[in-house]
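Peer 1: The following block contains the structure, expressed as structure tokens.
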């Protein structure tokens, strides 16, 4: 059994800066770097929500156990349509994205497209993943996202206030 992946909690906001870089907030990047000793954020498309997800390389070590569990549950409920390879493709299709000591990183053009990314990102740690949102897309979601939306508005306001102070 693989060890549990790092758990992420907290929020953050980043405007696209010079050289098209964003900044991963310290409260999310520090556990990521500490868990693996590397500054790598694995980024992929969320399987149900219109956002990206980020996680550390340590989470990849849990994928086979997760696939076994999903397959066992599918068999137990008589779901013969479970496609392990398709689920594997969803899990293992990610882009390792390096960040510097200050958390600055670039996203590939594919991730920009998949995440409908513009000039800002909102980060929200939700356990074993960090959701990475275009703030406009998050704010357009339904009431089930109300808590994330409130934090997003707060983080955006703080970033705008900081920008006006310059």
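Residue numbers (my numbering): -18 to 147.
Glycine is no exception: its CB is placed at the ideal position from the N, C-alpha and C atoms.
Small disclaimer: the values here were computed from a predicted structure and weren't measured.
#1: Cα-Cα, which of 135, 41, 99 is closest to residue 16?
#2: Taking just the CA atoms, how far does residue 0 sit from residue 105?
#3: Would you list the one or two residues that DSSP bridges to residue 30?
#4: When you compare only the Cα positions, how much space is there between residue 192 and residue 117?
#5: Rounded to whole angstroms, what is the Cα-Cα separation between residue 114 and residue 103?
#6: Compute the distance between the beta-carbons of residue 44 and residue 110, then report whether it is under 9 Å.
#7: Out of 52, -12, -8, state which residue places its alpha-carbon closest to the alpha-carbon of residue 135.
#8: Buried or exposed, going by whether 16 or more other CB atoms sit within 10 Å of the CB of residue 130?
#9: So, are the CB atoms of residue 24 and residue 78 less than 9 Å apart?
#10: Quick check on DSSP: helix, strand or coil for residue 86?
#11: On the three-state DSSP scale, how would you describe residue 56?
#12: Rounded to whole angstroms, what's the CA-CA distance from residue 93 to residue 99? Just pull it up for me.
#13: Would you give the residue range spanned by the beta strand (DSSP E) that residue 79 belongs to?
Peer 2: Let me lay it out:
#1: 41
#2: 24 Å
#3: In the DSSP output, where bridge partners are listed per residue, residue 30 has none listed.
#4: Within the shown structure, residues of the chain are numbered from -18 to 147, placing residue 192 beyond reach of any answer.
#5: 5 Å
#6: no
#7: -8
#8: buried
#9: yes
#10: strand
#11: helix
#12: 8 Å
#13: 76 to 79
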